[in-house]
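Written below as C-alpha cells is the structure these notes are about.
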Amino acid sequence: MPHSLFTIHQNAEAPYTVSLVCTSTVFDLSLVTSATIQVFRSDETPSIWTTALVNQSASSVTLVHSLVTGDVPDVEDLRLHGELIVPSGLLVSAAETLKVHARPNQV
Numbered sequence: 024m025p026h027s028l029f030t031i032h033q034n035a036e037a038p039y040t041v042s043l044v045c046t047s048t049v050f051d052l053s054l055v056t057s058a059t060i061q062v063f064r065s066d067e068t069p070s071i072w073t074t075a076l077v078n079q080s081a082s083s084v085t086l087v088h089s090l091v092t093g094d095v096p097d098v099e100d101l102r103l104h105g106e107l108i109v110p111s112g113l114l115v116s117a118a119e120t121l122k123v124h125a126r127p128n129q130v
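Residue 58 in this note's numbering sits at position 35 of the sequence shown, with consecutive numbering throughout.
Below, the structure written as C-alpha cells:
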C-alpha cells in the first residue's frame with residue numbers, strides 16, 4: 024500500500040506541527056493512553072517525537088507533534104509511523120512520508 028505524503032519546509036519549528044491521524048475499525052482507539060511518532064530519516068537514522076492526543080474517539084485519534092529545533096534540519100523524505108500505547112500493549116500505525124523541502128529563500 025502506498026504511503027501518504029505531506030510536506031513541510033526545512034528547519035520548521037513551532038508553531039508548525041506534524042499530525043498523524045490514526046484510524047481503526049478493529050481496535051478501540053479511545054483506549055490509547057499515550058503515543059509517539061517514530062521517525063526514520065532517509066539514511067534510516069531513527070528518532071522519536073513526543074505527541075499530544077487530540078480528537079480521540081473509538082475509531083480515530085490524531086497524534087500532534089510541535090516541531091522543535093533539529094526535527095527537520097535537512098531536505099529529505101522522512102518515514103513516520105505512530106506508536107500508540109493501549110492497556111493491552113502497543114499499536115503501530117501505517118507509515119506516512121513527510122517530505123522536507125528547502126525554504127523559498129534557502130538554497
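A virtual CB, placed ideally from N, CA and C, is assigned to each residue, including glycine.
Work out the CA separation of residue j and residue i for me, nearest whole Å.
i: Leu43; j: Leu114; result: 14 angstroms
i: Val109; j: Leu52; result: 8 angstroms
i: Leu54; j: Trp72; result: 20 angstroms
i: His118; j: Pro38; result: A quick correction: the sequence has Ala, not His, at residue 118. Spanning the two alpha carbons is a distance of roughly 24 angstroms.
i: Ala35; j: Glu106; result: 23 angstroms
i: Val91; j: Thr40; result: 9 angstroms
i: Ser82; j: Thr48; result: 6 angstroms
i: Asp94; j: Gly112; result: 27 angstroms
i: Arg102; j: Thr74; result: 16 angstroms
Relative to the C-alpha of residue i, which residue among the options is closest?
i: Gln61; options: Pro127, Thr120, Asn128; result: Thr120
i: Arg126; options: Val91, Arg64, Glu106, Val98; result: Val98
i: His104; options: Pro69, Phe50, Val49; result: Pro69
i: Phe50; options: Pro96, Phe63, Ser80; result: Ser80
Within the same chain, show all residues whose beta-carbon is closer than 6 angstroms to that of residue i, passing over the 5 residues directly before and after it, in chain order.
i: Val84; result: Cys45, Leu52, Val55, Leu76
i: Asn78; result: Thr85
i: Ser116; result: Cys45, His104, Gly105
i: Ser89; result: Ala37, Thr40
To which residues of the same chain is residue i closer than 7 angstroms at the C-beta, ignoring the five residues directly before and after it?
i: Ser65; result: Glu99, Asp100
i: Ser57; result: Ile108
Excluding five sequence neighbours on each side, which residues of the same chain lie with their C-beta closer than 8 angstroms to the C-beta of residue i?
i: His124; result: Thr30, Ile31, His32, Gln33, Val98
May I ask which residues mark the beginning and end of the beta strand (DSSP E) holding residue i?
i: Ser57; result: 57 to 63
i: Ser83; result: 83 to 89
i: Gly112; result: 112 to 115
i: Pro69; result: 69 to 73
Kindly identify the DSSP beta-bridge partner or partners of residue i.
i: Ala118; result: Ala118 is not bridged to any residue.
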